[in-house]
Amino acid sequence: SRFPICPLQCDIPEGGPVPKSLYKTEWEKGDGVALWEDTIYKSANVLKGAPHEVLVEVPERDCVITWDFDSVKGDVTFTLFHSTHPLGCIEEDTVQCINAAPSTNTSTVFQAPYNTQVIAKHMTLGKDYTIMEAGIVCREGESVQGSHIARKPGSYVLQWKYHGGQPQSSTVQDVLYQVTHNPKSKVIYYHELLPSENFRGSMTSLESCQSAFSALSHVTTSSLPS
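For the sequence shown, UniProt numbering begins at 1 and goes up steadily by one.
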């Protein structure tokens, strides 16, 4: 049997006023970071010259560090470091803890993305701390997931660094813009430290997956235009 062919008709009613409960705040209009406030993800500013760093203390070898992050504004470079020196949040430099927007309300100081460092400026790469996972560039709108098997205990640092090209010209206007507008990116991230006993007997397969992911990440990164 055949169905009769009838012209398709759509009845779309006119829109009405939007309830205030559905309004977006000024913070949500920016890049959507506020939508993640009630989740396990955290948000952070990544400033030019002031990376955001997260300290992960690994008590024993063969623990697994995992991470998942999105760059919601601008490009960032992600690197994993290891240090045998005790590390902690640097408080003496005011640039180490910066809010997304100035506020006189101390109760909301950490509701917006913040920026912290744990690697002191006097520390030397290769001597005081070493690279465990080479820098991976994450473009705006991209997501990165990965893991690292901690072969030795100590302090591990997840670092997100501002990744931006040099200005095309150096006119007076460009210089003034750089002085008055501090370039920055924003990330939302989640990390977890998994105990070694959860992975005993399966380290070989985990290393294989990690190696494949690392190789794929570098190929993808190198193929992207700078």
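Even glycine gets a Cβ: it sits at the ideal position worked out from N, Cα and C.
All values reported here derive from a predicted model rather than from experimental measurement.
Sort out for me which residues DSSP pairs residue i with in a bridge.
i, result
"His191", "Trp67"
"Ala150", "Cys63"
"Lys127", "None, per the DSSP bridge assignment."
"Leu158", "Val54 and Leu80"
"Gln117", "In DSSP, Gln117 forms no bridge with anything."
"His163", "Asp75"
"Glu133", "Leu80"
"Ser185", "Val46"
"Ser143", "Asp70"
How would you write the range of the beta strand (DSSP E) that residue i sits in, first residue to last?
i, result
"Glu53", "His52 to Val58"
"Ala44", "Lys42 to Leu47"
For residue i, which residues of its own chain have a beta-carbon under 8 angstroms away from its beta-carbon, when the five flanking residues on both sides are left out?
i, result
"Ser196", "Glu60, Arg61, Asp62, Cys63 and Val64"
"Thr108", "The pLDDT assigned to Thr108 is 32, lower than 50, so where the model puts this residue is not dependable; a value taken from the coordinates is nonetheless given after this. So no residue of the chain qualifies."
"Thr130", "Phe81, His82 and Ser83"
"His122", "none"
"Thr124", "none"
Just confirm the distance between the C-beta atoms of residue i and residue j, as a whole number of angstroms; I'd bet it's less than 8 angstroms.
i, j, result
"Ser71", "Ser185", "6 angstroms"
Alpha carbons only, please: which of the options is nearest the one belonging to residue i?
i, options, result
"Gly141", "Leu55, Pro51 and Gly74", "Gly74"
"Tyr41", "Pro86, Tyr189 and Asn198", "Tyr189"
"Val46", "Asn198, Leu194 and Val187", "Val187"
"Asp68", "Gln145, Glu133, Gln159 and Lys161", "Gln145"
"Gln159", "Asn198, Ala150, Ser143 and Glu133", "Glu133"
"Asn115", "Lys161, Ile149 and Leu194", "Lys161"
"His148", "Gly126, Leu194 and Arg139", "Leu194"
Among residues of its own chain, excluding the 5 on either side of residue i, which ones have a beta-carbon nearer than 6 angstroms to its beta-carbon?
i, result
"Glu192", "Thr66"
"residue 228", "This structure leaves residue 228 out entirely; the chain is present only between 1 and 226."
"Lys152", "Arg61"
"Ser143", "Asp70"
"Thr94", "Residue placement at Thr94 is poorly supported in this model, since its pLDDT is 33, which falls under 50; the coordinates are not used for a value here."
"Gly126", "none"
Take residue i and list the residues in its own chain whose beta-carbon comes closer than 7 angstroms to its own, dropping the five residues that flank it on each side.
i, result
"Gly154", "Val58, His82, Ser83 and Thr84"
"Gly135", "Thr77, Phe78 and Thr79"
"Asp128", "Ser83 and His85"
Is any non-hydrogen atom of the ligand ATP found closer than 7 angstroms to the C-beta of residue i, if you look at the structure I gave you?
i, result
"Pro59", "The ligand ATP is not part of the structure shown, which contains no ligands of any sort."
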